[in-house]
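Undergrad: Take this structure, written in structure tokens, and hold onto it; I'll ask about it next.
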């Protein structure tokens, strides 16, 4: 028997697949397409176990669909612009392009070592000028469509990365990449008008039937559609404005208004800009950040202005105007009215500044006399009180009536607004796509002519100076206008790297087209992506931006696919135990050993303390190097482990025992294959055993097909184990038939090949004389062979379970009931009682009603 050698097998099949171009995708309109895509990686240096899991999941789907007869597109690329390359360049005295190229080469080899069925001929890299040339074209296209603009804006500034961050990139007041405290800064920025598509982005979520509900909810909340009304308050003591627009979703509570709060950068604040106390308040607000996440954790404070607003319905009532740190200029009108009785934030603010609390919604179980609001606002349903013409109305009726009256008075209108803000795309960094804009000396802003694209980055760059590297470059930004010859300056900001990943799925369809980013005929065939796989951390940023980009480029063009991703799956993390020493320093798992019941550091002998299992992280040192594990156990063992135990949407716990168990299963498959190949062809198997194996095989085909289609890969793994155990027992009992078993095992290998392609291919080639796993057809099950001959029937007496009997499937009712009455336990309970009724539910239960 030949010994199992995963290193030889892996290497052999990688070479065969490369030579035969097994996974090359070619457009074929006579064949149904399937576009399978995993979120492409940032080339940080080496792949990690999170990559391995993500791409293994996608590879199972791609391989399965190929065997099902689909024309599969399964490409790979690199999200290769971004800050880490600049940081690494500074640390290692290496140009970002060199650092990135080295990493791509390393990671590509690692991915290839796992045998993923990727069409590498379609490989793209976003830092390649052949890619970003087309991105610059799309920027110009959107600019010409009026979907790009520039404005002075209060931005989130990362003082470590020295760049602007979108609101989505600020996590708990800190930069998403650097972890630095984000500060507020006024800058001139380029924006995409994503808000032009707010309503469509929101309503179209319901059409995404194959997306996780949690992701759709996250996007829906981020888009934040709110229906309410805009109220115009007349302002007393304002020099430049005599009115203030306020948006509210609760116009029914207008009679409970005790203050108005405006954002620190509201236009009205310009009138008090010289006030030192206000300036100090403003500076304090900027330090805490202006994202909803940061404000949610900040104490709600206000600055009282001299302005007062006139209540639209109560004559002579004045409402004080505060500047508040919890109001955002970018949401609604940048002004709200506070109704402390029915909003907890407003109540806390009112109590802090001794403002009136007027209840205007009465709970159904209270009377006006006994109902009071002190420390807890009432936010439930009820009847309107203390509100003049609204008294006695329900909340929804009150909203309609207030809007009707405001519109009649021309002091307001019904309105729908969105939380979603325009996408700020300017970044003050070097390693990104240059923005194709020129500032001419006569003040005109121009897009760069197509003939001059791509605008390339200068290679001689100094990244050690603070500030924008392109702005600091001595010559790059200086140029001439191609139309007039006038002096001009290039835009020195680069595009947010999320722009790069907002259309890459289109480029895969036409990877080698030099004239355009995508060919219309190609995308009409391949798009949308049938199955997209990636982390839930991209639920808002990347997925929302990609949905916007598809709409933006389709606007006024023949490209008609608004939703780029038909199916979406978000996988869980790969986790590992964490270890620390007494000082609190993290320890690598491979440096830990058990000795006499104690956990020790192998190198120093000091005691080590085991912490919780957490997602693998370099900072916590609880990482496992995929390359090492692949060499030790083989690509298939690693792939198999990633698909075992946990459902793919949940986190998976890495363990040495688990990967070792996967390797043993590979050896078991190999040994079974060798055993079958070495059988005596003269021996024959009895029919009963054949029936058992045929039934097991057909059940396996059905179960595995269903498991793959529903992303229950761990269930498929369990079914494979069950089948191998049955087959092993047959071989152990020497019940053999070489030709029959070869055919049976060949089908098994086809079924398991999407999971473990190397060993499946090797065994299939041997057992079926030269057959290639990827050339096979997915087996179809025979339902007749799966049906059980025997079933269990539950026996109840007066609805209580008393016994179980085994009968033939579809046995006659009379015979089953007769058998029931002969069971000792049933006879004992019935005894001298009268059987009033005999209820039979086919193939399930018998219930005897007795008295």
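Numbering (our numbering), first residue to last: 1 to 851.
Note that beta-carbon positions come from the ideal geometry of N, C-alpha and C, so glycine has one too.
Go through the segment 200-266 residue by residue and report every complete run of the alpha helix (DSSP H) that reaches 4 residues or more, in order.
TA: Listed in chain order, they are 213-223.
Undergrad: Which stretch, first to last residue, makes up the alpha helix (DSSP H) that contains residue 715?
TA: Looking at the DSSP string, the run of the alpha helix (DSSP H) that includes residue 715 is 713-732.
Undergrad: So, with DSSP's three-state summary, where would you put residue 589?
TA: Three-state result, residue 589: helix.
Undergrad: If the criterion is Cβ atoms closer than 7 Å, does the pair residue 182 and residue 175 meet it?
TA: A contact, by the Cβ cut-off of 7 Å.
Undergrad: If we require 4 or more residues per run, which alpha helix (DSSP H) segments fall completely within the segment 482-521?
TA: Counting whole runs of 4 or more residues, the segment 482-521 contains the alpha helix (DSSP H) stretches 497-500 and 504-507.
Undergrad: Using beta-carbon positions only, say whether residue 726 and residue 666 come within less than 7 Å of one another.
TA: Going by C-beta atoms, residue 726 is not nearer than 7 Å to residue 666.
Undergrad: Counting Cβ pairs closer than 8 Å, one from the segment 362-370 and one from the segment 272-289, do we hit at least three?
TA: No contact exists between the segment 362-370 and the segment 272-289.
Undergrad: According to the neighbour-count rule (16 or more other Cβ atoms, all chains shown, within 10 Å of its Cβ), is residue 594 buried or exposed?
TA: Flag for residue 594 reads exposed.
Undergrad: Less than 7 Å between the C-beta atoms of residue 41 and residue 100, yes or no?
TA: No, these two residues do not count as a Cβ contact at 7 Å.
Undergrad: Among the residues of its own chain, which have a CB less than 6 Å from the CB of residue 640, if the five just before and after it don't count?
TA: Answer for residue 640: 662 and 756, listed in chain order.
Undergrad: For residue 692 and residue 517, I'd like the C-alpha separation in whole angstroms.
TA: Each residue's Cα considered, the two are about 56 Å apart.
Undergrad: For my contact list, residue 63 and residue 626 are in at a C-beta cut-off of 8 Å; report their separation, rounded to the angstrom.
TA: Rounded, the Cβ-Cβ distance is 20 Å, inconsistent with contact.
Undergrad: Starting from residue 747 and walking both ways along the alpha helix (DSSP H), at which residues does that stretch end?
TA: Element bounds for residue 747: 738-752.
Undergrad: If you draw a straight line from the C-alpha of residue 445 to the C-alpha of residue 504, how long is it?
TA: Spanning the two alpha carbons is a distance of roughly 28 Å.
Undergrad: If you follow the alpha helix (DSSP H) that residue 328 is in, where does it begin and where does it stop?
TA: Segment: none, residue 328 is in no alpha helix (DSSP H) and carries neither H nor E.
Undergrad: Would you mind working out which of 108, 148, 737 and 781 sits nearest residue 748, comparing C-alpha positions?
TA: For residue 748, the nearest C-alpha among the options comes from 781.
Undergrad: So within the segment 416-469, which uninterrupted beta strand (DSSP E) runs reach at least 3 residues, ignoring any that extend past its ends?
TA: The segment 416-469 contains these whole beta strand (DSSP E) runs: 437-440 and 445-447.
Undergrad: Which residue from 683, 705, 674 and 719 puts its Cα closest to that of residue 696?
TA: With distances taken between Cα atoms, residue 696 lies closest to 719.
Undergrad: In the DSSP assignment, what are the bridge partners of residue 575?
TA: Its beta-bridge partners are 615 and 653.
Undergrad: Output needed for residue 314: all residues of its chain with C-beta closer than 8 Å, excluding positions within five of it in sequence on either side, in chain order.
TA: Same-chain partners within the cutoff: 255 and 388.
Undergrad: Could you tell me the alpha carbon to alpha carbon distance between residue 489 and residue 478, rounded to whole angstroms?
TA: Those two C-alpha atoms are separated by around 5 Å.
Undergrad: Out of curiosity, what's the CA-to-CA distance linking residue 251 and residue 538?
TA: Going from the Cα of residue 251 to the Cα of residue 538 covers about 36 Å.
Undergrad: Residue 545 by DSSP, collapsed to three states: which one?
TA: Note: residue 545 maps to helix in three-state DSSP.
Undergrad: What residue does the alpha helix (DSSP H) around residue 284 start on, and which one ends it?
TA: That run of the alpha helix (DSSP H) goes 276-288.
Undergrad: Give the DSSP bridge partners of residue 693, in chain order.
TA: According to DSSP, which records beta bridges pairwise, residue 693 is partnered with nothing at all.
Undergrad: Where residue 809 and residue 794 are concerned, what is the direct C-alpha to C-alpha distance, given to the nearest angstrom?
TA: Rounded to whole angstroms, residue 809 to residue 794 spans 14 Å at the Cα level.
Undergrad: Give every residue of the same chain whose Cβ lies closer than 7 Å to the Cβ of residue 205, excluding the five residues on either side of it in the sequence, and list them in chain order.
TA: Excluding residues within five positions, the ones whose Cβ falls inside 7 Å are 216, 219 and 220.
Undergrad: I think residue 7 touches residue 224, with their Cβ atoms under 8 Å apart; what is that distance to the nearest whole Å?
TA: Actually they are not in contact, since the Cβ atoms of residue 7 and residue 224 sit about 54 Å apart, beyond 8 Å.
Undergrad: Can you say whether residue 356 is buried or exposed, counting buried as having 16 or more other CB atoms within 10 angstroms of its CB?
TA: Per the 10 Å Cβ criterion, exposed.
Undergrad: At the level of alpha carbons, what is the spacing between residue 590 and residue 634?
TA: Taking the straight line from one Cα to the other gives about 19 Å.
Undergrad: Could you say which of 702, 558 and 738 lies nearest to residue 690 if we only look at CA atoms?
TA: It is 738 whose Cα lies nearest to the Cα of residue 690.
Undergrad: Buried or exposed: where does residue 835 fall if 16 or more other Cβ atoms within 10 Å of its Cβ makes it buried?
TA: By the neighbour-count rule (16 or more Cβ atoms within 10 Å), residue 835 is not buried but exposed.
Undergrad: Would you say residue 423 and residue 140 are within 7 Å of each other, going by their C-beta atoms?
TA: Contact: no.
Undergrad: Indicate whether residue 118 and residue 49 have their beta-carbon atoms separated by less than 7 Å.
TA: Not a contact, by the Cβ cut-off of 7 Å.
Undergrad: Quick one: give me the first and last residue of the alpha helix (DSSP H) that residue 826 is part of.
TA: Unbroken alpha helix (DSSP H) run through residue 826: 824-830.
Undergrad: For the segment 96-129, which segments carrying the beta strand (DSSP E) assignment without a break, of at least 3 residues, lie completely within its bounds, in sequence order?
TA: Within the segment 96-129, no complete beta strand (DSSP E) run reaches 3 residues.
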